[in-house]
Amino acid sequence: MSIPPTRAGSSDDTPREPLEGFGEDFSTLSVHAGEARQKPGDSITDPIFCASTYTFTDTQAVIDYIEQNQTREEYGRYGNPGERVVERKLAALEGAEDAVLYSSGMAAMVGLLMTKLSACDEVIFFDECYHRSREFCTKHLSRFGVVTRQVRACDYEAMEAAINPHTKLLVSESPTNPHMSCVDLERFAQIGREYKVETLIDATLATPYNLRPISAGIDYVLHSATKYLGGHNDLLAGVVIGEKDKLEPVRKLRGIMGAINGPQNVYLLSRGLKTFELRMQRHNENGQRVAEFLENHPRIERVLYPGLPSHPYHEIAQETMRGFGGLITFFVKDADWRETANIVDAVKIPRIAPSLGGVESLIEQPLVMSYYQCTPEERREFGIHDNMIRLSCGIENSEDLIADLKQALQR
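Position one of the sequence shown corresponds to residue 1 (UniProt numbering), numbered consecutively onward.
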């Protein structure tokens with residue numbers, strides 16, 4: 001593919017037009033999209049802008065900035081030149097017009113919800129969405145008169161039945177974490193259009209490499225860029241992606257709330273995105289191979305991974321996803337929580353930690369890591385079982401990961 005040159009008549013630091021493509025062009029997008037052909041200081045990489053404020057040459061420059069609505073920086077809480085590069089890159093990868101970067105995935109979720117919901121409005125979640133996202137609505141937005149409704153994941157009839165004139169937003173992940181349910185994006189978007197309700201998909205587990213919700217008609221896509229997008233377990237970031245006009249109030253509220261990211265984190269995210277396609281190819285490969293191994297192991301009761309034909313949403317995943325990522329949930333046969341923990345403790349390559357999507361494999365027992373203080377009844381409500389293990393496959397050799405799991409399961 002040819003790289004479009006800088007537009008005629010523009011300065012050297014003018015960003016190129018967004019590149020197009022999804023398949024063979026994806027890595028080219030990851031490396032070049034959103035960036036100027038010639039950068040400050042003639043550097044190959046974008047500089048790190050460690051500035052809290054940005055100067056004007058004279059009073060008229062300030063007036064021109066205000067009256068002409070110029071795209072430039074003014075104060076650090078409203079944005080950073082490096083941040084804008086990453087936002088353009090992420091929008092291009094998602095096939096969207098614009099992106100708003102945040103300090104974390106939850107900051108992105110909170111920012112969008114605070115922008116879109118007012119007193120007496122209602123939001124509907126599929127009940128496998130990240131529990132902190134739902135907690136923010138049920139415990140905090142409820143104090144301001146926002147009503148949260150939850151319906152069973154992928155139950156589209158129940159979602160339609162829950163919609164009323166006050167409903168403003170439909171929310172789901174795809175795939176969900178840790179149950180790996182996959183949403184029929186076109187149907188989800190169609191429900192939103194039919195009832196004139198906006199839609200949000202948290203596609204953190206899929207990434208824009210594997211899933212393109214915008215092309216299916218979804219209004220907003222959210223990612224915890226801490227995970228696969230950054231890819232190295234060394235930063236926190238989040239992003240909301242969609243149409244420019246719809247995101248403008250989101251950006252303005254971010255400027256008030258101050259949930260921006262730091263310049264060093266922005267640089268790390270930009271650098272991580274350069275190898276995004278290469279990493280995702282290995283995550284997809286490792287996830288598939290490890291899931292197939294686990295499904296055939298006599299000590300494993302069942303495996304939740306969209307790439308397996310046994311997965312309840314395998315057909316939807318095949319229709320909508322390029323690959324299925326590195327996250328696997330599996331259940332140890334006839335094991336209590338302590339016996340399950342022994343397997344987690346016996347692996348030698350994956351580290352015990354929350355999160356996912358980095359180059360290092362991570363493993364955890366959701367009961368202990370995220371739901372230890374919940375009652376058994378609450379854990380059942382969340383679908384968290386004593387014998388459940390969540391494994392995030394990194395980019396190590398898949399045969400090494402399989403051999404490690406094999407020895408841990410033989411103990």
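Glycine included, each C-beta is placed from N, C-alpha and C at the ideal position.
*Cβ of residue 42 within 9 Å of any chain B Cβ*: The question asks about chain B, but that chain is absent: this structure has only one protein chain.
*Leaving aside the five residues before and after residue 289 along the sequence, list all residues of the same chain whose C-beta is less than 6 Å from its C-beta, in chain order.*
Along the sequence shown, read from residue 1 onward, the residue named residue 289 stands at position 289. For residue 289, the CB contacts under 6 Å within the same chain, skipping 5 residues up- and downstream, are 398 in chain order.
*Where the alpha helix (DSSP H) containing residue 61 begins and where it ends*: As a working note, residue 61 is residue 61 in the sequence shown. Taken as a continuous stretch (DSSP letters only), the alpha helix (DSSP H) holding residue 61 covers 59–67.
*asked:* Tell me the DSSP secondary structure of residue 168 in three-state form.
replied: Here residue 168 corresponds to residue number 168 of the sequence shown, with the count starting at 1. Residue 168 falls in the strand class under three-state DSSP.
*Could you please give the first and the last residue of the uninterrupted alpha helix (DSSP H) stretch that includes residue 44?*
As a position in the sequence shown, residue 44 is number 44, starting the count at 1. In this chain, residue 44 is not harboured by any alpha helix (DSSP H), its DSSP state being neither H nor E.
_Using a 10 Å radius around the Cβ and a threshold of 16 neighbouring Cβ atoms, would you call residue 310 buried or exposed?_
Translated into the one-based positions of the sequence shown, residue 310 becomes position 310. Residue 310 comes out exposed.
_residue 391, buried or exposed, once every other Cβ within 10 Å from all chains shown has been counted against 16_ = Here residue 391 refers to the residue found at position 391 when the sequence shown is read from its first residue. Classification for residue 391: buried.
*Starting from the Cα of residue 387, find the closest Cα among 380, 340, 372 and give me that residue.*
Taking the sequence shown and counting its residues from 1, one reaches residue 387 at position 387. Ranking the options by Cα distance to residue 387, first place goes to 340.
*Who are residue 388's beta bridge partners in DSSP?*
Here residue 388 corresponds to residue number 388 of the sequence shown, with the count starting at 1. The partner list for residue 388 (beta bridge, DSSP) reads 331.
*Residue nearest to residue 173 in terms of C-alpha spacing, selected from 406, 167, 153, 166*: Residue 173 sits at position 173 when you count from the first residue of the sequence shown. Closest by alpha carbon: 153.
_At the level of alpha carbons, what is the spacing between residue 381 and residue 264?_
Along the sequence shown, read from residue 1 onward, the residue named residue 381 stands at position 381. Along the sequence shown, read from residue 1 onward, the residue named residue 264 stands at position 264. Looking at the two C-alpha atoms, the distance is approximately 40 Å.
*residue 116: buried (16+ other C-beta within 10 angstroms of its C-beta) or exposed?*
The residue given as residue 116 occupies position 116 in the sequence shown. Label assigned to residue 116: buried.
*C-alpha gap between residue 335 and residue 71, whole angstroms*: Looking up residue 335 in the sequence shown gives position 335. Looking up residue 71 in the sequence shown gives position 71. Residue 71 has its alpha-carbon roughly 58 Å from the corresponding atom of residue 335.
*State the beta-bridge partners of residue 463 as determined by DSSP.*
Not covered by the structure: residue 463. The range shown for the chain is 1 to 411.
*Answer with buried or exposed for residue 164, where buried requires no fewer than 16 other C-beta atoms within 10 angstroms of its C-beta.*
Position 164 of the sequence shown holds residue 164. Residue 164 is exposed by the Cβ-count criterion.
*Spatial distance of residue 277 from residue 207 (CA atoms)*: As a position in the sequence shown, residue 277 is number 277, starting the count at 1. As a position in the sequence shown, residue 207 is number 207, starting the count at 1. Rounded to whole angstroms, residue 277 to residue 207 spans 10 Å at the Cα level.
*asked:* Mapping the DSSP letters down to three states, classify residue 266 as helix, strand or coil.
replied: Taking the sequence shown and counting its residues from 1, the one referred to as residue 266 is at position 266. DSSP places residue 266 in helix when its eight states are reduced to three.
*Quick one: residues in its chain with C-beta nearer than 6 Å to the C-beta of residue 141, no 5 flanking neighbours on either side, listed in chain order?*
On the sequence shown, residue 141 is found 141 positions in, with the first residue counted as 1. There are no such residues.
*Going by Cα to Cα distance, which pick from 127, 408, 375, 160 is closest to residue 345?*
Residue 345 sits at position 345 when you count from the first residue of the sequence shown. Minimum Cα distance to residue 345 is reached at 408.
*Do three or more CB pairs link the stretch 347–366 to the stretch 238–253 at distances below 8 Å?*
no
_For residue 364, count the other beta carbons within 10 Å of its own beta carbon; 16 or more makes it buried, fewer makes it exposed. Which is it?_
In the sequence shown, counting from the first residue as 1, residue 364 sits at position 364. Residue 364 comes out buried.
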